[in-house]
Each structure stands twice: as structure tokens, then as C-alpha cells.
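Protein chains in written order, with full-length UniProt numbering: chain A, 1 to 440; chain B, 1 to 308.
What follows is a single structure, written as C-alpha cells, with notes after it.
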Amino acid sequence: MNKSLLILKREYLTRVRKKSFIILTLLVPFLFAGFTVLPAWLAMQDDEEQRTIGVYDASDLFESRLTDTEFTHFNFIDKAEFQVIEQDISTSRFYAVLHVPEDILTSNKARLLSGKQVTFDVKNMIGNKLEDIIEKDKKAVVIEESGIPDLEQKLASTRTNIQLETIKIGQTGEAVKSSTELAMGVGYAAGFIIYMFVFIYGAMVMRGVMEEKSSRIVEVIISSVKPTQLMFGKIVGIGLVGLTQLVFWVVLIFLIATGLQFFLTPDQAEMIQQSQGMMGQAPQIEQNAVLNAIELVGNLNIPLILGSFLFYFLGGFLMYSSLMGAVGAAVDHEEEAQQLMLPVTIPLIFSIIILFPVVKNPEGSLAFWASMFPFTSPVIMMVRVPYGLPMWELLLSMGILVASIYGTIWVAGKIYRTGILMYGKKVNFKEIVKWLFYRN
Amino acid sequence: MELIKATNVVKDYAGHRALDEVSLAVKEQSIFGLLGPNGAGKTTLIRIINQITAPDQGEIQLFGRRLKPEDIHQIGYLPEERGLYKKMKVGEQALYLAQLKGMSRHDALKGLKHWFEKFEIQPWWNKKIEELSKGMQQKIQFVTTVVHQPKLLIFDEPFSGFDPINANLLKNEILQLKENGATIIFSTHNMASVEEVCDHIALINRSKKILDGPIDTIKEQYKNDIFEVETTAQHDVTHHFSRNGFKLIEYELQGSIQRVKFQMEHQMPSNELIKNLIEKMEIRSFREVIPSMNEVFIQVVEQANPKK
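Put into C-alpha cells, the structure is as follows:
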């Protein structure tokens with residue numbers, strides 16, 4: 001069997017079989033689902049406590065108009081009782097007591113008295129009820145005074161809500177419905193996933209190299225295979241571990257999402273979506289909106305996005321992991337590694353910092369240059385791809401990345417070959433640059 | 001016939017010459033001792049033979065032709081700094097290393113079974129390396145070095161970390177490997193083991209080879225006209241060895257025997273020396289003292305590196 005393949009197989013299998021890997025791979029989708037769905041679900045749980053609110057209405061505007069809800073009841077009391085309660089709240093038989101002053105129409109003020117802090121929902125609900133009633137009264141007065149017939153209906157007809165549909169027109173002239181929000185979401189997610197995986201799995205390559213160096217097994221192995229074969233097998237093996245995890249996560253999250261839709265009533269599902277603000281103007285969700293969303297997703301250039309994602313995922317990983325592998329080979333201890341890691345990861349961290357500005361303006365010059373520069377393009381170009389961009393830009397960026405990967409691997413290979421057999425020497429950049437000119 | 005031959009090998013590291021025109025030849029089916037003080041360049045030479053690094057000048061020949069990349073399958077290398085994947089299981093790891101040396105999985109399993117049985121270590125197969133003692137790990141590493149039946153074996157300090165019983169077991173295995181046709185390069189600082197197993201040695205000091213030859217020849221070459229005689233105790237012989245071109249080194253009276261160790265200031269054939277002595281005393285035994293490899297090593301290296 002080809003030796004790189006043997007190494008790849010070992011690197012892959014030892015990691016995939018680890019308990020920590022299996023647990024993390026299975027657990028994260030559930031945690032993810034838990035963290036997104038659970039708070040929404042909990043928030044949606046109706047407050048089912050029965051509460052009675054005492055009302056002392058000095059204005060006499062609300063008697064019989066303050067209607068009970070399913071869980072909250074209003075109980076009107078007289079001044080005497082109110083005064084007793086006001087003196088000593090502990091004698092109150094109510095959850096809270098609403099005091100509506102005589103001048104509420106001019107002062108716009110009312111008081112809610114209680115022994116303990118009333119809940120947000122209760123306060124909101126009472127406030128809304130009062131506002132509704134007063135607004136209705138005032139409106140009626142205005143309409144009557146103006147003498148215009150059917151004014152209310154006329155006013156209502158002026159209310160407008162514009163839905164701006166974005167349509168992309170392709171070069172061949174076909175019009176395609178598009179969604180800016182969707183492109184933004186997909187781009188952001190893709191960029192972030194690449195960033196995360198490159199970071200985590202790049203560091204894994206580094207630790208793998210350090211393990212071989214510090215356990216001294218590396219000398220035995222490179223007396224059997226070329227250092228480049230070892231490095232290649234390790235990087236590709238670990239890259240596949242990352243892909244495996246990603247695929248598992250996507251599939252599991254999809255399954256969990258589908259599963260949840262079965263368990264939740266349509267009502268609940270809708271409310272979850274609302275509370276997550278996913279659909280923007282969710283109140284008018286109809287079947288149309290769902291169909292619309294499906295159409296929008298379908299209108300994204302999915303093969304292009306998936307293809308570019310894989311390309312930049314692997315490209316970014318190859319680029320950074322070979323450098324991190326070289327760092328692992330150059331150092332003896334974890335602390336030194338941290339020091340050398342920083343300059344390597346700065347462009348990666350930079351790309352996550354500019355991720356948001358680029359998402360907002362994917363056409364800007366920052367976005368353009370960052371998507372060409374090979375150390376930031378894996379993250380940044382993925383933000384731009386879902387919006388659609390000229391083919392030449394994508395191809396140029398890919399070309400630059402491929403060329404840079406070659407260069408990086410060459411440099412990393414040089415450092416790696418010298419570094420793995422160098423012990424007890426504290427390395428700095430000057431030293432490492434020297435290694436580039438060693439003949440091996 | 002020579003199995004491996006190095007010709008004028010030079011290796012430079014930034015500002016430091018690790019090997020300077022080193023040439024040596026190792027006969028097939030022999031044990032070749034590669035000696036030298038720490039940092040002399042032995043490991044560099046071994047790494048060049050293993051093609052871990054390439055020489056700047058000169059060349060290495062195996063079987064009379066230039067070393068090729070595939071030749072690493074013919075070489076087994078036990079580095080001085082041992083190491084295995086700590087978290088990996090013994091059997092899995094041994095299989096992996098054997099396959100990296102070009103063995104098929106099937107052959108590797110067969111070969112490993114043979115060696116594991118020989119060393120009675122089959123119960124370790126499913127243990128992780130980190131669960132084994134250091135000595136046990138060394139055994140596993142030895143097995144992985146030899147399992148692919150290499151023509152050339154390179155052992156760098158093979159006995160370090162072994163108890164005397166296991167060291168002896170290992171020594172016998174190494175001699176057995178030679179009997180079975182392997183050629184062995186043996187690098188060590190343990191001169192006693194050099195004398196026990198080596199046929200031929202080369203000594204490298206400060207990047208240069210300063211001594212090379214069969215072990216007997218070298219010892220012969222470095223004898224210092226030192227002799228030991230035992231005589232009867234009839235009369236004191238010390239005065240005789242204190243003049244007449246003799247230099248007394250050691251004297252001991254044991255019952256009726258006097259034992260004298262002395263050095264000749266001028267070379268004299270043994271026969272003539274005996275003739276000379278026989279007239280003065282009654283000789284029980286006479287022998288020339290051949291230096292140990294340890295003495296040769298110290299003498300040669302100290303001569304080469306005079307103290308400032």
C-alpha cells in the first residue's frame with residue numbers, strides 16, 4: 001500500500017475512534033438544537049398562573065370594559081378598600097392593585113401596587129389594555145368632531161406595508177427571485193464554519209507533529225518514509241477527520257430539525273421561528289411564505305456554493321495546517337508553540353474580524369482584496385459567493401489560493417524537515433528563515 | 001564483500017561541518033562499531049545512511065551501487081532516542097511500522113507473531129504503549145526494527161535502558177541476526193560491548209574519522225609495550241624493573257608469587273625480553289598486556305583533542 005495512504009489511514013482512524021471525537025460529534029448537534037430551540041420554546045410557554053388584579057378606578061372610565069383574560073381577572077374595588085390596601089399591602093387579597101387616577105386622560109399615568117414585583121407580562125398586558133381603551137375613546141371623539149363619515153375605515157385604508165422583492169437578473173436575462181437575508185446568512189455561516197474548522201483542525205495538525213517530535217518516534221518514521229509523505233498523510237488524514245465531523249453535524253442537525261417539526265405543533269414551530277426572528281415579518285406566515293422560502297433557497301446557486309465551500313474549506317485548511325505543522329516541528333514545548341502560532345493565525349483572526357463588514361458590503365474594496373489575499377480568502381470569499389460575483393473574481397481568487405498553497409507547503413516542508421530533528425534549540429524567525437536555505 | 005560503503009562524505013550545517021570527508025566500508029555479515037565522543041558526527045552519518053538527510057558531498061553505496069530511496073526497506077534503524085506512539089496499541093503500532101517498511105499486512109503479522117513469541121510478549125499485543133515499562137517499550141522497538149528482515153541493521157546505543165538480563169538477551173539476538181546474514185552497524189559508548197560483539201570499528205572525532213580497522217589490529221596497534229610477569233618469591237625483583245629501560249607500573253606480592261606489570265621504554269621483541277628476564281628470575285607466567293577498547297578510545301581521543 002502507498003505509504004502516504006498508510007499514514008493517512010492511521011491519522012484518520014486514531015482520531016475518529018477517539019471517545020472525545022465521537023462524543024463531540026454526536027453531542028454538538030443536540031446542544032446546538034437545544035440552545036436554539038429551548039429558549040424559544042421556554043419563552044413561549046404560557047404563564048398559566050391564575051391572577052386577580054384589584055382595580056380602583058377613580059376615573060370611572062374602565063368599569064366593565066377591562067375584560068378578564070384566561071388567566072387574569074379584574075376585580076373592581078371601592079375607595080375604602082383601596083385605601084386599606086394602600087396603607088398595608090399585606091392585607092391585600094390581590095396579586096396587584098391597579099389605581100387609575102381621575103385625570104388619566106390628561107396625565108397618562110396609572111399605578112400598579114403590589115407586595116412583590118409584578119411580572120413583565122402582567123404589566124405589559126394591563127398597560128396595553130388601558131391604552132387600547134383610551135385610544136378608542138379618543139378616536140371616537142375625533143371622528144365625531146370632524147364629521148367626516150367612515151373616517152375610521154378611510155384611515156385604516158391608508159396603512160401600507162411594502163414588500164420589496166429582490167430579483168436577480170442573470171446574464172441570459174432570466175429573472176430570479178433572490179433574498180439578501182438568505183445570502184447574508186449562508187455567507188456568514190460558511191465563512192464562520194471555515195474559520196472554526198481551519199483553526200481547530202490546524203491546531204490538531206500542530207499537536208500531532210509535536211507529539212511525534214517529542215515522543216521521538218519521528219526519527220523511526222522518517223527512516224521509513226519521506227518527511228513530506230508523513231506531513232502530507234497527516235494533513236490530509238486530519239482534514240478528513242474535520243470533514244467527517246462537519247458532515248455528521250450537518251446531517252444530524254438536519255435530522256433533529258426535521259424531527260422537531262414532527263413533535264411540535266405547527267403553532268409552536270411558527271412561534272419558534274418568530275422568536276428567532278428568522279422570517280422577519282413572521283406574523284403573516286402563510287403557506288405562501290414557506291413556498292417562497294423554498295423558492296429562494298432553490299434560487300441560490302447551490303452547486304456553486306457547495307463547490308466553493310469545499311474548495312475554500314480544503315484550501316484554507318491545507319494552507320494553515322501546513323504552516324501550523326511547521327510550527328509544531330520547529331518547537332520543543334507548548335509555550336514556544338503559542339508564541340510562533342500567533343503570527344501564523346493573525347490573518348485568520350483578521351478575516352473573522354472583517355467578516356461582518358464584508359457581510360454588510362460584499363462588493364466593497366475591503367471585500368474584494370480580502371477575498372483575493374490567500375490568507376483571508378478562504379473565509380472572506382465564502383461570504384461573497386452566495387451573493388453572486390463575477391466568475392473571473394472567483395477563479396482568480398482560487399488560482400491565487402492554489403499557487404499560495406504550493407508555496408506555503410514548500411516553505412512549511414523545509415521548516416518541517418529541519419525542525420523535526422532539531423532538539424533543545426530555541427528557535428526564532430531568523431533561525432527558521434535560515435532553514436529554508438538548507439539542503440536536505 | 002562490502003555491503004555499505006561511504007566515500008568522502010561531507011555534511012555542513014550552517015557554519016558547522018558535521019562530517020568531514022568521512023569514508024568507511026562495512027563488510028557483509030559483520031558487526032561494525034561506529035564509535036566517537038558525543039557530538040562527533042555519528043548520528044549525522046547514520047541519518048545519511050538512512051536517507052533522512054543527504055550528504056553535501058561524497059556518496060553512499062549499498063551493494064556496490066549508489067543508495068536509492070527504495071533501499072530504506074533494506075535498512076532497520078533503532079535510534080538512540082527511542083519513541084513510539086504512546087496512545088497506540090502495541091500490536092497495531094508494530095503492524096503500522098512494519099507496513100511503513102514496505103511489508104504487506106499479512107507478512108508483517110506473521111513476522112511479528114514470530115518475534116512476539118520469541119520474546120514471550122504476546123500478552124502485550126492489545127496494551128497501549130504507555131501502559132508498558134520503559135524496558136518493555138524498548139523490546140517492542142527492537143522488534144519493530146528487525147521484523148522486516150533488513151539486510152542492514154543500525155543500532156544506536158541498543159543496550160541503554162535494558163537490565164543486564166535483557167541486555168544479554170538482546171546481545172545474543174544481535175549476534176544471531178549476524179549469523180543469519182544481516183550486517184550490523186553498532187554505535188555505542190559502551191566499549192565493553194564493542195569488544196564483545198564488533199568485528200571492525202571506526203572512530204569519528206570532531207567530524208573526522210581518526211581510526212578505522214578490525215578490532216584486533218587496532219588493539220595490537222595501540223599496545224604500549226606493557227607486560228605482566230609472575231615470578232616466584234625467592235628474591236625481590238622490583239629493583240630489576242626499576243632500571244635497565246624498564247618502568248614499573250604495578251607490583252603485588254601474593255604468597256609465593258610476585259606479580260609485576262611494567263612498561264618497556266624501548267621496543268623489544270617479546271622473545272628477547274623473555275630471554276633477558278629468564279636469566280634473572282624464575283618466571284611462572286608472561287604475557288603482553290593488550291589495551292582494552294576503552295583505553296584505546298580514551299588514548300586516541302585525548303591525543304586528537306589536546307587539552308588547552
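Don't be surprised by glycine CBs; every beta carbon is placed ideally from N, CA and C.
Contacts of residue i in chain B (Cβ-Cβ under 7 Å)
i: A/Thr14; result: Met88
i: A/Lys434; result: Ala14
Whether residue i touches residue j by CB criterion (8 Å)
i: A/Met231; j: A/Tyr416; result: yes
i: A/Glu219; j: B/Pro158; result: no
i: B/Gly58; j: B/Val10; result: yes
i: A/Thr72; j: A/Val122; result: yes
i: B/Thr44; j: B/Leu19; result: yes
i: A/Arg15; j: A/Val241; result: yes
i: A/Ile217; j: B/Tyr96; result: no
i: B/Ile204; j: B/Val26; result: no
i: residue 317 of chain B; j: B/Ser187; result: Absent from the structure is residue 317 of chain B, since the part of chain B shown begins at 1 and ends at 308.
i: B/Ile184; j: B/Leu153; result: yes
i: A/Ile400; j: A/Met372; result: yes
i: residue 441 of chain A; j: A/Leu366; result: With chain A covering 1 to 440 only, the question about residue 441 of chain A has no answer from this structure.
i: A/Ser321; j: A/Val205; result: yes
i: B/Phe142; j: B/Leu170; result: yes
i: A/Val100; j: A/Ser59; result: yes
i: B/Glu195; j: B/Ser292; result: yes
i: residue 452 of chain A; j: A/Ile200; result: Absent from the model: residue 452 of chain A. The displayed extent of chain A is 1 to 440, so no value can be given.
i: B/Asp156; j: B/Ile46; result: yes
i: residue 441 of chain A; j: A/Met381; result: No answer is possible for residue 441 of chain A: it lies beyond the span of chain A, which begins at 1 and ends at 440.
Residue span of the alpha helix (DSSP H) that contains residue i, given as start and end
i: A/Pro378; result: 377-384
i: B/Val194; result: 191-197
i: A/Pro303; result: 302-330
i: A/Asn361; result: Run containing A/Asn361: none; DSSP gives neither H nor E here.
i: B/Asn205; result: Run containing B/Asn205: none in the alpha helix (DSSP H); it sits in the beta strand (DSSP E), 200-205.
i: A/Val209; result: 180-214
i: A/Glu336; result: 334-353
i: B/Pro164; result: 164-179
i: B/Met293; result: 293-304
i: B/Thr53; result: Unbroken run through B/Thr53: none, as it is neither H nor E.
i: B/Asn271; result: 270-278
i: A/Gln153; result: 151-156
i: A/Ile148; result: No alpha helix (DSSP H) holds A/Ile148; DSSP gives it neither H nor E.
i: A/Glu11; result: 3-16
Interface partners of residue i on chain B, CB under 8 Å
i: A/Arg216; result: Pro79, Glu81, Arg82, Gly83
Residue i: contacting residues in chain A (beta-carbon distance under 7 Å)
i: B/Ile72; result: Ser223, Ser224
i: B/Asn50; result: Ser223
Boundaries (first-last residue) of the beta strand (DSSP E) holding residue i
i: A/Thr72; result: 72-76
i: B/Thr231; result: 226-232
i: A/Arg51; result: 51-57
i: B/Gly39; result: Unbroken run through B/Gly39: none, as it is neither H nor E.
i: A/Ala96; result: 96-100
i: A/Gly419; result: Looking at the DSSP string, A/Gly419 is not in any beta strand (DSSP E); the run it does join, the alpha helix (DSSP H), is 391-419.
i: B/Ser23; result: 16-27
i: B/Glu250; result: 246-254
i: B/Asp12; result: 2-13
i: B/Val260; result: 257-264
Chain-ordered chain B contacts of residue i [CB-CB under 9 Å]
i: A/Val220; result: Tyr77, Leu78, Pro79, Arg82, Gly83, Leu84, Leu97, Leu100, Gln141, Thr144, Thr145
i: A/Lys414; result: Here the premise fails: no neighbours, minimum Cβ distance about 13 Å.
i: A/Lys360; result: Those do not exist, as A/Lys360 stays about 46 Å from chain B at its closest Cβ, beyond 9 Å.
i: A/Lys3; result: Gln99, Leu100, Gly102
Proximity test, residue i beta-carbon vs the ligand ZN heavy atom, cut-off 7 Å
i: A/Thr91; result: Among the ligands in the structure shown, none appear at all, so the ligand ZN cannot be discussed.
> Quick one, which residues of the stretch 97-115 of chain B are near chain A if we go by CB-CB under 9 Å, in chain order?
Replying inline: Taken in chain order, the members of the stretch 97-115 of chain B whose beta-carbon sits within less than 9 Å of a beta-carbon on chain A are Leu97, Gln99, Leu100, Lys101, Gly102, Ser104, Arg105.
> If you measure beta-carbon to beta-carbon, which residues of the stretch 5-30 of chain A are closer than 8 Å to chain B?
Replying inline: Listed by position along the chain: Leu6, Ile7, Arg10, Thr14.
>> Which residues of the stretch 184-199 of chain B have a Cβ closer than 7 Å to any Cβ of chain A? Give them in chain order.
In response: Answer set for the stretch 184-199 of chain B: empty.
> Which residues, taken in chain order from the stretch 52-64 of chain B, show a beta carbon closer than 8 Å to some beta carbon of chain A?
Replying inline: Considering only beta carbons, the part of the stretch 52-64 of chain B lying closer than 8 Å to chain A consists of Ile52, Thr53, Ala54, Asp56, in chain order.
>> Which residues of the stretch 7-19 of chain B have a Cβ closer than 7 Å to any Cβ of chain A? Give them in chain order.
In response: For chain A, the residues of the stretch 7-19 of chain B that bring a beta carbon within less than 7 Å of one of its beta carbons are Ala14, in chain order.
>> Ignoring anything shorter than 3 residues, give me the beta strand (DSSP E) runs that lie fully in the stretch 224-257 of chain A, in order along the chain.
In response: Runs found: none.
> Can you list, in chain order, the stretches of the beta strand (DSSP E) that have 3 or more residues and sit fully within the stretch 127-157 of chain B?
Replying inline: The beta strand (DSSP E) runs lying completely inside the stretch 127-157 of chain B and spanning 3 residues or more are 152-156, given in chain order.
> Mind pulling the alpha helix (DSSP H) runs of 4 or more residues that sit fully within the stretch 69-124 of chain B?
Replying inline: Here the runs fully enclosed are 90-100, 105-118.
>> Just to confirm the assignment: which complete beta strand (DSSP E) runs, minimum length 3, are found wholly within the stretch 91-140 of chain A?
In response: Runs of the beta strand (DSSP E) inside the stretch 91-140 of chain A: 96-100, 111-113.
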